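Going left to right, the sequence shown walks through residues -32 to -1, 1 to 248 as mature numbering (1 follows the signal peptide of the UniProt record, and there is no 0) numbers them.
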Amino acid sequence: MTTIGGSNFLKHPVTLITGATLALAMVLPAHAEDSNEPSVTVGGGLAVGPLYEGASHYAAFPSLKFKAVLPTENWGKFTAAFPDGLRWDLPGLSPFGVALLMGYDPGRKERIHTLDGRDNYLRGMGNLDSTALVGAEAYWVLPAGRLFVRGLQSTQNRDYGGQSLGRTAYLEAGVATAYALSSTLTLDSTLYGTWSNENDMMARFGVTAQQAARTRFDEYHPGGGMRDVTLKLGLTWQWQPQLALEGGVKTYALVSDARNSPLTGEKVGAGAYLNALYRF
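This is the structure we're talking about:
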């Protein structure tokens, strides 16, 4: 897959992806995203994308999906999903809502596993350990979509490249929509911006003195601030009542200090996935 960041096709990526989502919101009818029935969905397929956000190297990865939803009458809705994590939507706040979140950050290996083996582009950077994440989301359900703000923080202090990072944290704010194109086709879109604290920026885009000595990357210490703007588009085809195919793309534009990192090969990147799903 060829990255789109090295061409002149996206001279103003933030403006383009914002406009694309707003255009969809104006021309397509919205429908409810959530069902009030318990369900379990499993599936998998193939994903292609950059080795990490900002990388110019692309690879193929397995795509796995699991989602179990349990709505209740008095306790709200419970969701367990992979790779998203655990979510508890509290009851009685409609059209506003609050959800408690627990997620997982897999960290980053210096030898990244792909379907072709292990990529050594980050060799010498060392491994960033995985960690559990905790946080919350506040949202407002509108006829045209759902506005949300969510924040997540690591549950433990993290070390990377011989430096203590403390607790990494980030905040996402944006809009999510779902549209019924037909009785069997659904288009989902999510547009959001991400703010990272200094520790999270260092984990993703920083280079310590120890790492600089072991790699070809220059030492770099980014500050906290806006990290990126991201657009996700997904299309689901309900082939049979229990069988579905889903595919989609994700494109992002790095901003602020993330753009200037020596680890950033492309300031704009994209990925795609295709999954087969079975719903119980």
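Using N, Cα and C, we set each Cβ at its ideal position, and we do this for glycine too.
Because the structure is a prediction, the values reported are computed rather than measured.
CA-to-CA, the gap between GLY192 and GLN121 works out to about 14 Å. If you compare the alpha carbons of PHE50, GLY44 and ALA48 with that of ASP57, the shortest gap goes to GLY44. The Cβ atoms of ALA48 and LYS33 do not sit closer than 9 Å to each other. Collapsing the DSSP output to three states places ALA148 in a strand. The C-beta distance from ALA27 to ASP87 rounds to 6 Å, short enough to meet the 8 Å contact threshold.
Excluding the 5 residues flanking it on each side, SER98 has same chain C-beta neighbours closer than 8 Å at TYR72, ASP73, PRO74 and GLY75, in chain order.
Per the DSSP secondary-structure output, GLU140 pairs in a beta bridge with ARG118 and THR162. Contact between the segment 204 to 215 and the segment 172 to 186 is absent, with fewer than three C-beta pairs closer than 8 Å.
Within a 10 Å sphere around the beta-carbon of LEU159 sit 16 or more other beta-carbons, which makes this residue buried. Here MET194 carries a strand assignment [DSSP, helix/strand/coil]. At a Cβ-Cβ threshold of 9 Å, TYR220 and GLY237 count as neighbours. Exclusion of the five residues before and after LEU110 leaves PRO63 as the residues of its chain whose Cβ lies within less than 8 Å of its Cβ.
Of all alpha-carbon atoms in TYR138, MET169 and VAL117, the one lying nearest the alpha-carbon of ALA144 is that of VAL117. Boundaries around GLN178 are those of the alpha helix (DSSP H), 177 to 182, since no beta strand (DSSP E) includes it. Bridge pairing for VAL236: ALA221 [DSSP]. CA-to-CA, the gap between GLU105 and PHE248 works out to about 28 Å. Here THR154 is buried. Its C-beta has 16 or more other C-beta atoms within 10 Å. One thing to note: LEU245 has its Cβ no nearer than 9 Å to the Cβ of GLY103.
Taking C-beta separations shorter than 7 Å and ignoring five residues to either side along the sequence, the partners of THR82 in its chain run ALA27, ALA28 and PHE29, following chain order.
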